[in-house]
Every structure is written in structure tokens, then in C-alpha cells.
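From first to last, the protein sequence lines stand for chains W, S, A, H and E. Each residue of the first sequence is one higher than the one before, starting from 29 at the first, in my numbering. Each residue of the second sequence is one higher than the one before, starting from 4 at the first, in my numbering. Each residue of the third sequence is one higher than the one before, starting from 7 at the first, in my numbering. Each residue of the fourth sequence is one higher than the one before, starting from 9 at the first, in my numbering. Each residue of the fifth sequence is one higher than the one before, starting from 645 at the first, in my numbering. Notes follow once the structure below has been shown.
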Amino acid sequence: MGVSIFIQQVLNGLTLGAVYTLIALAFSLVMGILGILNLAISEIFMIGAFIGFSLIMSGVPVWLALPGAMAVAAVISMVIARIGYEPLRNASHITPMLSTLGFSMILQNFATNTWGSDPMQLTLEGWLDTRFHFGLVSLSVVQIVVFAVTLGLCVLTALLIQRTDIGRGLRAVAENRDVSRILGVRPRRMILVAFALSGLLAGAAGVLVGLHYSVITPYIGVDIGLKAIAVMIVGGATNIWGALLAGPIIGILEVLTVAYGGAAMRDFIVYGMMIAILLVRPQGLLGGSSKTSGGRV
Amino acid sequence: MILSVHDLKVNYGAIPGIRKIDFDVNEGEIVALIGANGAGKSTTMRAITGLLPFQGRVVYRGRDLAPMHAERNLANGLALVPEGRGILTRMTVEENLRMGGYLRRDKAQLETEIVATYERFAILGERRSGIAGFLSGGEQQILAIARALLARPKLLLLDEPSLGLAPMMTAQIFDFISEFRKQGLTVLLAEQKSKHSLAIADRAFLFSMGEVVASGAARDLAEGSLIRNTMMALV
Amino acid sequence: QAEDLTGKTVKFGAIVPASGPFAEWGRANTVALKMLEKQVNEAGGINGAKMEIVIYDDGAKPAQAVSMLRKLADDDQVLAVAGPATSSAVEVAFPVANQLGIVSVSQNSSKPGVAAANRPWGFRNTVDEAKLARLVVPFFAKTFDVKKAAIIYDAKDATASAAGAKIFPQILADNGIENLDADTPISFNTGDLDVSAQVTKLRSLQPDAVVLSADYSQAITVLREMKRQGMKTPVVGSTQLMSSAILAAYPELPIVAPTTFFAGLDVPAVKTFTDGVTPLMRAEKNLPGTIEPSLFDANIYEIVSLFAQAAKEAGVTAAPADLAADRTRIRDYMASESDFVGLGGKVRFAADGDAVKSFFIVQAKDGKWTSLETACSSPEADACAQ
Amino acid sequence: MMSSYQAGLVADGSILLLGALSVYVILSTGQLSLGNAGFMAIGAYLSSWLTVSAGMPLTPAIVVSAAVSAVFGLIIGFPALRLKGLYLAMATLGFGEMVRTFFLNFEPTGGAGGFSGMEHVPLWYILGWTAFVLACVMICERTRWWLEIRAVNDDELAAGLVGMNTTVTKLMAFMTGAAIAAVAGALLAHQNLYIEPGNFGFDRSTEFVLAMILGGSSLAAGSIVGAALLIMLPELLRDFVDWRIAIFGALLVAVLLVRRQGILDRNVFGLAKFWRRAN
Amino acid sequence: MANVLEFHDVDQSFGGIKALTDVSFDIPQACITGIIGPNGAGKTTIFNVITGAYRPDRGSVRLNGQEILGLAPYRIARAGISRTFQNIRLFASMTVWEHMLLSQAPRTPMLSRILPSRAVAERGERMMELFGISAVRDRIAVSLPYGVQRKVEMARAYAMEPKLLLLDEPVAGMNHDEAEDLRQTLQGLRDKGLSILIIEHDMRFMMNLCDEMHVMNYGRKIAGGRPAEIQRDPAVIAAYLGEDA
Ligand SMILES: Nc1ncnc2c1ncn2[C@@H]1O[C@H](COP(=O)(O)OP(=O)(O)OP(=O)(O)O)[C@@H](O)[C@H]1O
Ligand SMILES: Nc1ncnc2c1ncn2[C@@H]1O[C@H](COP(=O)(O)OP(=O)(O)OP(=O)(O)O)[C@@H](O)[C@H]1O
Ligand SMILES: [Mg+2]
Ligand SMILES: [Mg+2]
């Protein structure tokens, strides 16, 4: 009994961690590379969840609702890039962060007015509602979908950033816009690409969260978003794989704290651990060491 | 004529950067821009490259260049080695060189040229996977020039290339450049040390207070007392 | 005694959370108040005077609630204020009401002891959760034969955590029910999406019943997770559970809660109110098309109705010079034994500022609330007599 | 004569201004703190406990709370020395959330149920503190010591190599910021007469940053404008009802776009100086 | 003549790169000492070791007989060593004038940093005059032309009242005449008792300026002595100067 409950809790934690991972990836695409914290990602995630919900409720199959919601999320993200980031690129890095905060307010207000502030609930049917039982442990099809999509998107993103010209171009723009331009990189386009990718990931996370928990409100973004930022930081913002490592760590830590300690202490433990990790590894678990920041006298 | 500049004018907010610059560069030449601190050499180069908004005309290979289109200008063969080198300090030496060929389609050819660069500049070869930001000043300057040449430019703009280079290295760099010249490279050079640049340049233009105040064959300028006199008069 | 006020305007204020996480409450409240304003004025107003309700949004934020209370009292010169809604806002607003000398009556707040700490101007048209729980739990225990129960509550919500951490454990003990998580209370935080760990833990305790102390919007998350994990234990909670949204969360499960109002209640006054307000609410663009009036709509409707009655009977003059006197009149009227009849029956205010009214123990069944029993929030005999 | 509504807004604005200044002092050394609500919570709870349970008069209670909060500033400032940019911001955010969760679980000050029993403070008292703190910061801004703070922001390494003790500078900034935030918290507690952990969340910390950046992050006077704007705007937008927050967000973005260095910047004063010299 | 600085047996490596191997030299009081060498030879690294920016693997650095190796950079600066940077490092938000005020702050007590001071202002003015930058006093320093920024850096370094001034390629970006002016300025300072250590690739400038010179190659010191001797040293010619110099 104790063991199967424990396994069940670990599975719960992994699911939560997968969600964190996806959103953390969305954050790290703009933060790790461009160095700005796009706070609106939390809200893009929330909008993604609502769009996915609405599509599924109106009878669209899941395999179509997922890309649909991802696309909408990507478009919103690109709009934010053009209006909220581009014109502010020369200001201090806090200014674009605050302009994305402005966008969060708009998106949240929009969602409240469109879908209401009360929880929206979805009833799953057919294969999505299937669960597998292994003794006392149970695992749902949706959970498996969540794991698979998370892993797949992670690998794709990492390949794109590490193995292609796009990744190098992005890093060049992030470091020095003028220099990247004289090397032939188009900063505006690059930034749009980064934001779009980040929107896609956040949108996907939204749909998966909607499917898994089947209740959403316009306010789900804030807390999960903050946790996802913590996951990104713990993993190391500059390394795509960091989120894949840190997501499950934080997810499981959180669930186990709740299970064997108490929910009241949860945030204390999670943020405490984040600070502790930062003290030991200031760039996060997998982030390049400070040596790669390239400063010398 | 590969480049001609007419009535070029750039302001930094309320501060005038350059007032009225006219000059031209012929295919295959080395042209030097010389002048004191703040004369406007760097500003001119940045404007031509497409990093600054400007007034006036810049005609490159028969076409007018619009301001602020550095990416497009590079695609048309116009590369700049900026003042202060413009190394991507967080990337490795190798990645910096790769970025030099960012727009090139012949990636295989690029790889062999990168290897050739390593052979020519052993320092870069030794440090290929090191972070570029940790190179010494002169090493970074070499990297910047090597990187610009990997873009296969038709017109190379060098802003104070000898800055921080040891005498022998300066000679080596200019050897390298003259090799490319044989393959059709044209060079526009900005230098403080007029002696140095006049030695290798075909023609030169003397800048002062944002205007061109003298021009001529480099040899004449080098020998004549024109530079000295003009500078004395203006300081 | 009352003078004729024809040509004058009697103004009341209302503070509702029309934006933020409880936007729906505030927006529905607004519809109910607009309806009331129309009804009163069509019926001849207040001794001939036109009644006007000035409604402000506080976004469920304490600071804004206070600002709005001040604005209503100072700039709009209203005679009394309905609201604010949330306990956090009330905690901050009531002291200001006392300072300014204006009645403030909350339509939602059920955190124990808030009005009692802010006499004489703070009132709540709600019943303290402690009083309700004391009657609901025994009834529930008997109906579902409960020997051992587990409690889960929202630790971040002041009301829910007070009830979940203090009141319910005490009441379970008083009724001889074993509290399975007494040592390591199971809780979560407002806004949590993931309560899988908590529910897994609940499940592992194998209780006969679950006590769920949370606001309905949070409770839904828990119910959904229980459904996902296939947990079929009956649930009992506080008034905070009351909402039509709860009904869809886990229709197969018996959910029991106390309330002073629900839309399907078979009482003439309630029927009239519900029939009148439901189409109006559903016609609002910013509210869902399936919305039903909630407990809070009924409460705020009652509050301002009571203001109107007080103004009428206590004889306000609605003259600017008498503002303070008029406000005192309304307060005194509210504090006294009156014969005000609300939607569910007689309503009066006890010395601690909370309402004394009859309430119903209801159970979610087939997508509706069904009343199982009627009781009175006051232990005194016939305090709630019709 | 001010109505009590206006007076209330002024009080809220003053407290927000103090919060903004607390972020400003820390940010001047290039460190972004997203956890000042945590220091504010310490100030609010400690001063309230001192006045209510220990019977201490308010002013000494505020001074004590500010001092204790400064010690916490030092404790969080030390690890912060190792962190850069948004990593630091996240660590401070984590600290803020930890403080909030701590008070959520700390029964002696009421836990989730909050704490009350404080005496109301008059408006002039709040204004007095605000003016005092603002004056201190603005005077410091004109000294050479402030140049050191700016130097640490501009280029920490170079600052060290030209002889500045950057560690001390950064820690002092953290301590000062923490103390100012604590004053803001104490005033808030004695203005609202009730505090709960939810008052000191992430949104409060971002509000401080917002007020400061909107007003202009290169000088303390900017925060006055930023705080005033943040307090006034929501009130002015009441007519928009349902879309109020969205319009607020849009205006926020618009202001940032139009004045990306903030509404006020050093040049505004530079121009004034220039003008004086020209005449 | 006493030595201001004794730099002994220093090794410095970065991962696999040996930037300095067993380097030793002394800097005499009131002398201009030059360091030359090919790119990447380790010249700037010597500066970084002296100023505490790097911690060498081995060795000793003494200022007026006091060991300074291992001290925090700001302590070394306060002990009387100030420097300029090869990659100019000015404070991006500050005007030239603010640089002059700032650089005098660290060595004074806290209180005097808060109160305005006439002495500080006067010294600031003098520094700007000395390096010829009074005309741009209210400009943001980083928006100035490259060569002028170098002068601001030197003025900032000298304003700290150092015993030893370290200059890393100061005439890069200056023309011949400006370099000549600078040479005279520096020699004037030396005559007043300042010790200067300078790195520069402009040989003509160095020959005229330095009292003594050290030559680096691949992290090792390959020669040291009077400029005229250095110029004739075959090892130096092979490694650095080239045949035609
Ligand atoms: N970013 C800037 N902001 C304001 N003014 C600038 C900026 N960059 C250059 N200037 C001004 O423009 C003028 C020309 O400068 P520029 O850098 O082009 O000169 P230069 O000839 O390259 O000098 P140097 O030889 O020192 O590099 C100078 O007066 C300079 O102060
Ligand atoms: N922090 C560091 N990390 C890695 N390598 C370094 C670091 N600092 C210096 N180096 C290496 O040490 C060697 C010496 O560098 P240094 O900057 O001292 O050269 P230099 O003599 O000043 O050359 P230049 O004339 O080009 O400025 C170089 O190869 C450089 O790449
Ligand atoms: Mg230049
Ligand atoms: Mg060097």
C-alpha cells in the first residue's frame, strides 16, 4: 500500500513536472537566448488552454485542437514580440518585462470577459477517458500523451537551437544586435521566430493541462507560470535540456512535500530549494558556468 | 566605381556625427580614410554599412543603398570590421567564424576556408573551441578580420584594423588582405595612424570635423605636408 | 412619521468584485442590484424619493475596496453601502466604515468573527461558517453513516482555512467522528491546478466521508481530481461550496452543504427573484449563458432591499445636512429587531453583526441542489420564524 | 480640503512610492529585486506585533522593523552577490514567496487568518515618513557616493578595479531597500489595520517595480510620478467597467513605448541645468 | 633607486593555456617601464595579475615591499595602483565630469563622499585639463570618439592619485601628434615622481618614451633592458619587431 501510493505520487509529480517543463521551455526560449523574461507566457499558456478546451468542446478532435491552440498562442506571442519587445530592445531588460506584464493583464481580462471567471470544465470521452490500473497505481491515457508530447517537443526544440543556424543566429542577436546584423542575421525575424516557438510551446502546455486537469480558469497562468520560471532557473536558462531535468525534479519535490509534509509548506520548500541550488550553481543545474559569459578584462 | 558617397550626413540626436562627406572607391582599390579623433571616420563606415540612419546618397555597385539595411548589404557583398572588433564574446572562436559565413550557401566550401584560416592564424586554430571573449585584444582583432573575410565580401570596410595588433601581425593581416584583393576584393580603410595606412593604400581622403578636407593619391598625401598642415590648422 | 421625499434621491452604494478572480460574482451582483433599483423605483421609490445604487468594482482587492468605500461615503454621499464581498476586503473596509460612520454590509464574507470585531457599523448578511457547520455535520454523518472522515481545505483562503483547520476538526470530534488527517492536515493553495497528491493521500486514508472546505471554484479542482482517481466518498462542505458550477464537477457524487439560498428553492419570494433575475443575467454579454443567481446575488439583493426598507421606515430625510443622521438611522434600524423579510424568510442581525436567518442543508443531485432540511442559524427558538 | 477618498489615495500612493524607492535603491546597483513584498511583509508583521502585542509606540516599532528587515536584506544580499541579472531576480522572488508562505503558516501572527488590532495612523504621519525617506534618497543621489552605486550598475568589474568595494555597495543597497520596504509595510499595516499574507505576494513586488520603471528608473523623483500614475489610472478608468484592466495594461505598454526610459529621466534635470547655465 | 613594484616568479594558466610562465621583473620608482610582445603574449594578463583581477597559480607581487597578491582588486587599487583597460571600460551612464568625481571617491572616508568637496572638484578640473578633455566634460563618456575615451580613462586612472599607473595600449586610436602630446604628458608625470607601466604596440612611441622595457613572448619574458638594447636584441627582432623594424 505505502509503496503503490508512493509510486502513484511520483507519477503525479512527473505529470506536473512535464507541464512545468513545457512552460519553462517556453520561457527559456526568450529568456535564455534573448535575455528577457516574457511574463505574458503564463497568460499565453492560459489562452492556449481555453482555445484547446473550446475547440474540443465544439467537437474538434484532440489531434487538431492541439496544433490549433498552439498556432493561436504563437500568433499572440508574435504580436507581443512586435509591439511589446521590439521597440523596447534598447531599454533596460526590465522594461520589456514590464510591457509583457501589460500584455498579461490584457490577456487575462480578455479571457475573463470571454469565458468567465468561473472554472470551465471539460468532460473527456472515448479513448481519452481511459485509465490503466496496475494494482493501486493508475495511469491515464492523457498522462501518457502529456509525457510523450513534452518529450517530443523538448527534443525538437533542442535540436533546433543547438544544431541549426537559427540557434546560432538567435544567440548572436541576443549578444549584440549590430554585430549580428553586419554578419547577415535579421534580428527582427529571429526574434519573431523565438517568440513564435515559445508561444507554440506555451500553447501546447495549455492544451495538455486542460486535458489532464479538465478544469481551467483565467487565473491558472500566474502560479504555474512562476513555478515554471523557477524550473527554468533551476535547470539553467541557457540550456534547453535544463528544463527537462528540473521540471520533473520540482514536480516530484512538490508532490512529495504535499504528500508527506503538507501543502502549506510546499512553496516554502520549492523556492527554498531553488535558492539553495542557485547558491551552489549560480547558472542553474545545466546552465553553462559563468566562464562562458565571455567577460574578461 | 564600386562605391560612391554623396553629401553623407549623420546626426546622433542633437550631436552632429558627420556633416558632409563625399568620396568614392574604385573596384580593386585600397582607399584610406584618415583624420583625427572624432573626425567621423567610424560614423561614415557605420552609415555605409547600414547600421545608422543617414541623409545623402550612398551608391554601391550602381544602386542606392537605403539606410539601416546591414543584413541586405552584406548579402550584396559589403562587410564591416567594426571599431572595437564586434566579436561575439559568448560564442566560441569556431562559432564566430561560422557566423562569418552565415549567409553563405556553400557550407562545405566554408568549412574548408575555416580550416585554411586556422592554418594561417595559428592562434585561432589553437583556440578554436575556446570562448572568443577570453582571447587577448589582438587575437580578437584577428578573429574579427578573419570572420569578415569568410563572408566573401566584394567591399570590405576596416575600421582601425591595426588597433592592438603587434607590428608583425599587422603585416601578416595586410598580406592576407592583398591575397583576397587578387580575387577581386576592394578595401576601404579607416586609420588614425596615417603613416601606416598610406603605405598600403592607393588613394586617401582626409577627414576633419565631419567633412572631407583633402584627398589624393596616397603616396602624395604621405609625402606632402598637407595632412600635417590641415590638422594643425583645425586642431 | 416619514416625510414625503418626492423629487429627492436616496443613494446607496455597493462594492462588488466585477473584475479579477471573482468577476462573475460581481457582475451577477450588479445585475441583481440594477433589477432591484428598477423594482423599487417602479413601486414608488422610497417615500417618493428615487432610489439610486452607485456600484463600484473592487477587483476583490482590499485596497480598492477601501478606496471605493471612502469614495461612496465622501464623494457620492450614499447612506449605506452593500459590500465589499471577500473577507480580505471586509477586514480592511469595516474599520474604515467605523471611522466614517457608515453602514457596510458584506454579501459574501463568512470568515469567522469579522463583523464582531468591527462594531457598530460592520454587518454581514451571511452566517458564520461555524454556526452552519455545527448543524450540517451531524445531519450529514447520520445520513451517510460516517464513522471516520478526512478534511481537505484551501490553506491560502482565510475563510476556508479557518473552517478547515479549526472549526471542522472540532465539530468532527464533538460528533464522535474520527478525523483521519488530524496529525497531517491535507490542504492546498488557492489557484492550485494540481491537487493529485492531496487526493491520492485522501484516497489512501479510506475515509467514509470527505470534508471539503474551500471556495467552490477551488473545490471543483478537488472534485475533478477525486473523479479522475475514482474516489466515490460523499463530500460535505461549507456555504463556500454553493454554486451551480459545483454541480457539473462530479455529478455522481453526493455533495452536501448548508446555504441560505439556492436557485431551485421552492419558496415564492425566491422563485420571483430567480425568475426575474435569471434572464437578465443571461442576457449580459460578460456572463455565461447558463448562469443562475447565486447565494451572493440573493444576499446583496436582500441587503439593499433592507436599506430601502430602513430608509422608508426610519424616516431618512435625504438632505445633505442630515447625512450623518440618516446613516445613523439606517444603522440603528439594522441593529434593532425588525420585521424585514428576505428571500428565504425573516432576516435580522445579531449583536455580532452577522445575519440570523433560516438556512437549508442541500445536496447536489442530478445537476441540481435539493433541499434536505431547514434549520435556523440561531440557537434561540423561533428566531427564524416566518 | 481633501475628501477621505482622496486622502486614502494619497496614503496608498505614498506607500507605493516607498515600495518603489525600495526597489530603486537596489536597482541602482544593477540588482533587480522581485521580492520586496517579502521585506514589506516583515515590516508589516513585525511592527504590528510590536504595537499590538508588545505595546510599543509606532515610531520606534517602525524603526525596529526597518532594522530587522535590513538584517534580512543583508542575509539575502550575500547570496545575491553570486547571482546576476534575472537569476538574482528569481532568487529574490523566491525569497518573497518564502516569506509569504512563512506567514501563511505562522500561527502567532494569525496564519492565513491575518493579523489585526493596530491603531490607525493619520495621513500626515504616512506623508512624513515618505517625505523623509524620499528626501534621504534624493540627497544621496547628489553625492559622490551615489556615483559609486551607479558605477557598480554600469560595470561592476571596472568599478572594483578602480577601487570601489562593490560588495559593500551592493549589500548596503540591499539593506537600505529592505529597510525602506519595511517602513512601507509598517505604514500599510497601520493604515489598513489588518494584514494577511496575501497582501504581500508577487503582484505587490511587481507593482513596486512597475511604479519605479514607469516613472523613470534613473532618478528617485521618477518613482513619485510612477506611483501617482499607478494609483490614479485605475480610478480614472472606472468608466470602462469590464475592460478596465485590459485598458490599464494597454496604457501601460503605451507609456513604456513612448517613454522607454520612464516618464522622468536624468536628462529632464540635465536640461534644467543647461537652461540655467545658458541664461 | 627603490622599486615600486616587484613582480616575481608568476605563473598563470587558464585551463590548458599557460598565459604566464615564470615571469619576473621590477618596476623602479619614478620610471616609465614598457612591456611589449606579440598578440597573446601575456601582457594584459600581467596587468590583470597586478590589479587582482586574476589569481595566479604561483608567484609574488609586492608594492613598496608589501605583498598584494591575493588582495581584493579594490584594495589593490586603494593601495595605489590604478589602470586603464585595453577594451575601454567606462561607466555607460556617466559624463566625463562624473568619472572625474567618482574616481576620487574610494580613497576618501564615507562622510566626505557625501559632502561636496572643493578639493575634489579642483582635482577633477585639473585632470581634465591635463589630458585635454575639458571641452567634453558634460558629454556621456561612452559616446565620445574612441581616442577621446582613452584619454578619459587615463584621466580617471590618474585622478585616483596612484603610485603606479598601468596603461594598456593608450595610444591605440590616436594619431601621431596626439601620441606625441601624450608622451610629453606622461614624461611630465614621471618627473613628478609617478611610476608608470605601459603596454603598447607603437614601437616608435615606446622607444622615445620608456626608460626600461620588458619583452614577452608566449607567456615568457624573453628580454629586458633599455629600449636601445631591446631594439637590437635578435630574439626580440625575431619574435616581435620583424626584420624591417
Ligand atoms: N553613439 C554616439 N553618440 C553621440 N555622439 C557620437 C556617437 N558616436 C560618435 N559620436 C560623435 O560623432 C562624431 C564622429 O565620431 P566618430 O566615432 O565617427 O569619429 P572617428 O573619426 O571614428 O574617431 P576615432 O578616430 O576616435 O575613432 C564625434 O564627435 C563623436 O563624438
Ligand atoms: N580569462 C582568460 N581565459 C582564458 N584565456 C585567457 C584569459 N585571459 C587571457 N587569456 C589568454 O592568455 C593569453 C595572453 O593574453 P593577454 O591578454 O595577456 O595577451 P596580450 O599580450 O595582452 O595580447 P594583445 O597584445 O593581443 O592584447 C592569450 O592567449 C589569451 O587568450
Ligand atoms: Mg573611429
Ligand atoms: Mg593585451
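Yeah, the Cβ is synthetic: ideal placement off N, Cα and C, and Gly gets one too. Please read these numbers as outputs of a predicted model, since none were measured by experiment.
One or two residues paired with residue i in a DSSP bridge
i, result
"residue 154/A", "184/A"
"residue 159/A", "193/A and 219/A"
"residue 19/A", "60/A and 87/A"
"residue 818/E", "For residue 818/E, which the question treats as bridged, DSSP gives no partner whatsoever."
"residue 869/E", "857/E"
Beta carbon proximity, residue i to chain E, threshold 8 Å
i, result
"residue 325/W", "yes"
"residue 155/H", "yes"
"residue 214/S", "no"
8 Å Cβ cutoff, residue i in contact with chain W
i, result
"residue 195/A", "yes"
"residue 172/H", "no"
"residue 98/H", "yes"
"residue 122/H", "no"
"residue 57/S", "no"
Spatial neighbours of residue i in its chain, beta-carbon cut-off 6 Å, leaving aside the 5 residues before and after
i, result
"residue 71/W", "132, 135, 136 and 249"
"residue 276/W", "42 and 45"
"residue 233/H", "223, 271 and 272"
"residue 145/H", "29 and 228"
"residue 238/S", "Any reading at residue 238/S must be qualified, since the residue scores a pLDDT of 40, below 50, and its modelled position is unreliable; the value itself is stated next. Excluding residues within five positions, none has a Cβ falling inside 6 Å."
"residue 27/S", "4 and 7"
Sequence-distant residues of the same chain with beta carbon closer than 8 Å to residue i, five excluded per side
i, result
"residue 56/A", "14, 15, 16 and 47"
"residue 149/W", "242 and 243"
"residue 89/H", "175, 178 and 179"
Below-8 Å beta-carbon distance, residue i vs any chain A residue
i, result
"residue 90/W", "no"
"residue 202/H", "yes"
"residue 112/H", "yes"
Chain H within 8 Å of residue i, Cβ atoms only
i, result
"residue 285/W", "no"
"residue 665/E", "no"
is_contact[residue i, chain S] using C-beta, thresh 8 Å
i, result
"residue 817/E", "yes"
"residue 847/E", "yes"
"residue 204/W", "yes"
"residue 797/E", "no"
"residue 270/W", "no"
Nonlocal neighbours in the same chain, by C-beta distance under 7 Å from residue i, ignoring five residues either side
i, result
"residue 77/S", "106 and 154"
"residue 171/H", "none"
"residue 122/A", "358 and 359"
"residue 656/E", "663, 664, 689, 693, 698, 700 and 701"
"residue 37/H", "157, 160, 161, 177, 178 and 181"
**Request:** Please specify which runs of the alpha helix (DSSP H), each continuous and at least 4 residues long, are wholly inside the stretch 727–756 of chain E, giving them in chain order.
**Result:** 740–747
Requested in this report: At 4 residues or longer, and completely inside the stretch 156–228 of chain W: list those alpha helix (DSSP H) runs for me, N to C.
Outcome: 169–191, 193–203 and 205–210
What ranges does the beta strand (DSSP E) occupy inside the stretch 227–297 of chain A, keeping only unbroken runs of at least 3 residues that lie completely in it? 241–243 and 261–265
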